[in-house]
Amino acid sequence: MSQRADASQCGGVVVEFEPDDIRDARANRNRSIPGSALIYLKGPKFLIYVSGALSMWGDRMWHFAISVFLIELYGRNLLLTAVFGLVVAGSVLLLGALIGDWVDRNPRNKVAHASLFIQNISVTVCSIVLMLVFSYKQRIEQIWDGWLTVVCYTVVIVLADVANLASTALTIAIQRDWIVVITGYNRGHLAGMNATMRRIDQVTNILAPLAVGQVMTLASNVVGCGFILGWNLVSLIVEFFFLSRVYRIVPALSVKPPVVEVDQVDLQRLERRKSQGEDNVAQPQPLTEGNCNTGLHIKEIPNLPLCFRRFRWLVSTCKDGWRAYYRQPVFLAGMGLAFLYTTVLGFDCITTGYAYTQGISGSLLSLLMGVSAITGLLGTVMFTRLRKSYGLVNTGIISSCLHLGCLLLCVCSVFAPGSPMDLSLLMPYITSNSSTELGGMASQRQKHTYSLRGSSNQPLLPDRSSIHWTNNTVLFDNVPSDTAPESYISIILLFLGVITARIGLWSFDLTVTQLLQENICESERGVVNGVQSSMNYLMDLLHFIMVISAPQPQHFGILVIISVLFITTGHTMYFLYAHKVKRKRLHDT
Numbered sequence: 016m017s018q019r020a021d022a023s024q025c026g027g028v029v030v031e032f033e034p035d036d037i038r039d040a041r042a043n044r045n046r047s048i049p050g051s052a053l054i055y056l057k058g059p060k061f062l063i064y065v066s067g068a069l070s071m072w073g074d075r076m077w078h079f080a081i082s083v084f085l086i087e088l089y090g091r092n093l094l095l096t097a098v099f100g101l102v103v104a105g106s107v108l109l110l111g112a113l114i115g116d117w118v119d120r121n122p123r124n125k126v127a128h129a130s131l132f133i134q135n136i137s138v139t140v141c142s143i144v145l146m147l148v149f150s151y152k153q154r155i156e157q158i159w160d161g162w163l164t165v166v167c168y169t170v171v172i173v174l175a176d177v178a179n180l181a182s183t184a185l186t187i188a189i190q191r192d193w194i195v196v197i198t199g200y201n202r203g204h205l206a207g208m209n210a211t212m213r214r215i216d217q218v219t220n221i222l223a224p225l226a227v228g229q230v231m232t233l234a235s236n237v238v239g240c241g242f243i244l245g246w247n248l249v250s251l252i253v254e255f256f257f258l259s260r261v262y263r264i265v266p267a268l269s270v271k272p273p274v275v276e277v278d279q280v281d282l283q284r285l286e287r288r289k290s291q292g293e294d295n296v297a298q299p300q301p302l303t304e305g306n307c308n309t310g311l312h313i314k315e316i317p318n319l320p321l322c323f324r325r326f327r328w329l330v331s332t333c334k335d336g337w338r339a340y341y342r343q344p345v346f347l348a349g350m351g352l353a354f355l356y357t358t359v360l361g362f363d364c365i366t367t368g369y370a371y372t373q374g375i376s377g378s379l380l381s382l383l384m385g386v387s388a389i390t391g392l393l394g395t396v397m398f399t400r401l402r403k404s405y406g407l408v409n410t411g412i413i414s415s416c417l418h419l420g421c422l423l424l425c426v427c428s429v430f431a432p433g434s435p436m437d438l439s440l441l442m443p444y445i446t447s448n449s450s451t452e453l454g455g456m457a458s459q460r461q462k463h464t465y466s467l468r469g470s471s472n473q474p475l476l477p478d479r480s481s482i483h484w485t486n487n488t489v490l491f492d493n494v495p496s497d498t499a500p501e502s503y504i505s506i507i508l509l510f511l512g513v514i515t516a517r518i519g520l521w522s523f524d525l526t527v528t529q530l531l532q533e534n535i536c537e538s539e540r541g542v543v544n545g546v547q548s549s550m551n552y553l554m555d556l557l558h559f560i561m562v563i564s565a566p567q568p569q570h571f572g573i574l575v576i577i578s579v580l581f582i583t584t585g586h587t588m589y590f591l592y593a594h595k596v597k598r599k600r601l602h603d604t
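Just so you know, we're using the numbering used here here: the sequence shown kicks off at 16 and counts up by one.
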């Protein structure tokens, strides 16, 4: 049975998503055409995949390498790495809406080419600066009483941050806008492209850091910088050519509606008519000069200097971007996805650092990371199957339940034998008798916690002088390997939950991503996805604040419970969104 897809009008352009049965019929016809493989290789999808793979590989190499470089530059200390992380997160948080608005307001080819050029040139220049600093570090430290070194550090961090902002703009443009147009607004093709792009991201996330890490280990940091520099220059040329060809062979990419802002009074009137169930609200009123303004409607104040007027425009753009995000029908789904970023239940340096304190070897942890990548790929496969069988909204519900169910294993690990959790470390105000009792319990459980610096109360991330970096994990020099914990049950449950939960996690992520693509007005895709990136970075910052507040391995169980609470809150938001969608469908029928 063929059902007509809902059409959404935005900016005067009607966007209609094609049903799956029409998609399947066209695919069957294409299979019978001779030379279809060659046509596919020359088609826009394949070019986007290759361009995306090159971009993701370069991003993964650079993100891994810049962390190692900053540690090496500052005497194996955390300061530069922490400053860099704060600058990157803060810049996207503040400028996400502006980046998205810039994507919306400019032609697609100019946005893609400018973002690509800025990103790769920034990384190239940053690599050159790093090569000079590594080669002439002692001389540089003697110039200007060492202030030239500070200038070099500042230039490296600023260039790396600019590259990250350009990468964010390119991701919004290609993965949130271009592929929607390339698929011809076909839901099935869109789901397939989203899943394929995510699989490419999963593979590059494992292989790219390993590749550049081997170059840096076998050669030197200078050679590693040169390798990244060469990769970015070659990638810039190839990606520029591929994206230009895609833009030429897909004429729809050259058609972009203007950014339109509807007056608040008309929005309220439309919402009021919808609540009253009027039949004519299904077709929005045509946009005219009387009820809409192209671009941002900002009152000019001639008395203010130009810099203040520009600042007022920037603030107004950010404010309008967040308002646009809030009024989206998929607002709850997007917020739910953002809440999933506040977690320590992933293969980052925090969780892996905790694993080393519990006696897990580096080789075993690398194996677990590989298994986790496979389960992530399974999640992308499950997404496409579930979406075709049960629909997009129900796929999100199933993925959420699977994700939460697997994370229950992580909660069980907190109270399982072998867990080092000690609540007395968070309650210094308890009575002495209770302290004695809890201290006795802690002394038994601390047998499972290995000392990093001769103390049983060390933070999860000590000074980097005792750490070797490999991919996204940390390897500690002085973790004893000849002493086994009394029980591995806790750590087994923890990683069993983390690994299996990635199936539901990536399926849910793809679900929300496609919901944003399908339901956001074409003229607002950039700014809404820019705000979504800001929300993701904000929630990611919270999980680092959690670790700073409770850094000891004995606190990790508390962090696990808090993480599961945040994730549960995020999925609850999605459940509310799904309930609203189903209730609306029942009301319409």
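Don't be surprised by glycine CBs; every beta carbon is placed ideally from N, CA and C.
Everything numeric in this text was worked out from a predicted model, so none of it was measured.
For residue i, the nearest candidate out of the options (CA to CA)
| i | options | result |
| --- | --- | --- |
| F571 | L360, F242, Y340, D116 | L360 |
| V102 | V265, N124, D74, I172 | I172 |
| A353 | A112, H586, E156, L591 | H586 |
| D119 | R517, K599, G241, T332 | T332 |
| L591 | G411, I518, I577 | G411 |
| I133 | Y369, V170, A175 | A175 |
| V107 | V177, F61, V83 | V177 |
| M550 | L110, A593, W193, I215 | L110 |
| R221 | V196, L508, L380 | Note on residue identity: the sequence assigns Ile, not Arg, to residue 221. For the residues V196, L508, L380, the minimum Cα distance to I221 belongs to L380. |
| W77 | V195, V196, G245 | G245 |
| S250 | L557, M71, E537, L556 | M71 |
| E537 | K57, D116, T183, D192 | D192 |
Beta-carbon proximity list for residue i, same chain, < 6 Å, skipping 5 on both sides
| i | result |
| --- | --- |
| Y340 | V543, V546 |
| R598 | none |
| M422 | Checking the sequence shown, residue 422 turns out to be Leu, not Met. Closer than 6 Å at Cβ, skipping near neighbours: G512, A516, V579. |
Beta-carbon contacts of residue i that lie in its chain and below 7 Å, excluding the five residues immediately before and after
| i | result |
| --- | --- |
| L383 | F510, I514 |
| V596 | V408 |
| N247 | G73, N135, V138, T139 |
| V237 | M146, F149, S150 |
| M554 | A353, F354, Y356, T357 |
| V429 | M436, G572, V575, I576 |
| K271 | P122, R123 |
| L525 | N209, A210, R213, T395, F398 |
| A370 | L380, I506 |
| F552 | Note on identity: in this sequence residue 552 is Tyr, with Phe being the wrong assignment. Hits under 7 Å: A104, V107, L108. |
Limits of the alpha helix (DSSP H) - the one that residue i falls within
| i | result |
| --- | --- |
| W193 | Looking at the DSSP string, W193 is not in any alpha helix (DSSP H), and its letter there is neither H nor E. |
| M436 | Looking at the DSSP string, M436 is not in any alpha helix (DSSP H), and its letter there is neither H nor E. |
| W15 | In the structure displayed, the chain extends from 16 to 604; residue 15 sits before or after that span and is not available. |
| T219 | 202–233 |
| I155 | 152–157 |
| F79 | 59–88 |
| I563 | 540–564 |
| I365 | 364–372 |
| S522 | 504–534 |
| S331 | 321–341 |
| K599 | 571–603 |
| T357 | It is not in any alpha helix (DSSP H) - T357 carries neither H nor E in the DSSP assignment. |
Contact belief for residue i with residue j at Cβ below 8 Å, rounded distance in angstroms
| i | j | result |
| --- | --- | --- |
| M212 | G67 | 6 Å |
| I155 | T169 | Incorrect: roughly 13 Å between the Cβ atoms, too far for contact. |
| G420 | I506 | G420 to I506, Cβ: 20 Å. No contact. |
| L69 | E254 | 6 Å |
| V527 | G349 | 7 Å |
| V83 | F257 | So it is not a contact: roughly 30 Å between Cβ atoms. |
| I114 | L180 | 6 Å |
| L392 | Q217 | 6 Å |
| I215 | K60 | Not really, about 12 Å apart at Cβ, beyond 8 Å. |
| F581 | S415 | Between S415 and F581 the Cβ distance is about 14 Å, and since that is not below 8 Å, they are no contact. |
| F326 | G228 | With 8 Å as the limit, F326 and G228 do not qualify as a contact, their Cβ atoms being about 43 Å apart. |
Min CB distance residue i to chain C below 8 Å
| i | result |
| --- | --- |
| I582 | The chain inventory of the structure shown lacks chain C, comprising one protein chain alone. |
Contact check, residue i vs residue j, beta carbons under 8 Å
| i | j | result |
| --- | --- | --- |
| C425 | V575 | yes |
| G394 | I518 | yes |
| V195 | L205 | yes |
| M588 | G351 | yes |
| A223 | R402 | no |
| L508 | C427 | yes |
| F610 | L88 | No answer is possible for residue 610: the residues shown for the chain start at 16 and end at 604. |
| S142 | I54 | no |
| N534 | Q343 | yes |
Close Cβ partners of residue i (< 8 Å) along its chain, the five nearest in sequence each way excluded
| i | result |
| --- | --- |
| A188 | V118, R123, V126, A127, S130, G541 |
| E315 | A caution first: E315 carries a pLDDT of 46, below 50, which makes its placement in the model unreliable, though a value can still be read off. Taken in chain order, the residues that qualify are R324. |
| S387 | F362, V513, I514, R517 |
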